[in-house]
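If you want our numbering, it's the 1-based position in the sequence shown plus 514.
Glycine is no exception: its CB is placed at the ideal position from the N, C-alpha and C atoms.
Remember, predicted model here, so these are calculated numbers, not experimental data.
Here's the structure we're looking at; comments come further down.
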Amino acid sequence: MRYKIDSTTGLPITETSPGMLGATVLLALVIGVVLLFVGKRGKQLWIVVWSIGLIISSVLYLIWHYLRYIKG
Numbered sequence: 515m516r517y518k519i520d521s522t523t524g525l526p527i528t529e530t531s532p533g534m535l536g537a538t539v540l541l542a543l544v545i546g547v548v549l550l551f552v553g554k555r556g557k558q559l560w561i562v563v564w565s566i567g568l569i570i571s572s573v574l575y576l577i578w579h580y581l582r583y584i585k586g
């Protein structure tokens with residue numbers, strides 16, 4: 515078998531490093547900023563709204579991740 519299966523849930527056990535998750539959220543932040551400018555330039559309200567949500571959630575996660583990293 516390629517993946518270990520959890521006996522209680524029957525789902526594969528996966529491990530994601532905190533650094534990789536943080537990098538993914540940082541990429542989402544960059545994409546959100548780019549989409550914000552694209553949405554404003556193209557006057558597309560739904561892109562602006564979704565990109566603002568993406569930016570807010572990314573920033574909040576990065577703050578939480580950083581504070582958790584500092585506390586150890």
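query	result
Between the alpha carbons of L535 and L550, how many angstroms are there, rounded?	22 Å
Could you work out which residue in V539, P526, T528, S521 is closest to L576 when comparing CA atoms only?	V539
Among the residues of its own chain, which have a CB less than 8 Å from the CB of I569, if the five just before and after it don't count?	L543, G546, V547, L550
Specify the secondary structure class of I519 as computed by DSSP and reduced to three states.	strand
Taking Cβ positions, are G553 and S565 nearer each other than 8 Å?	yes
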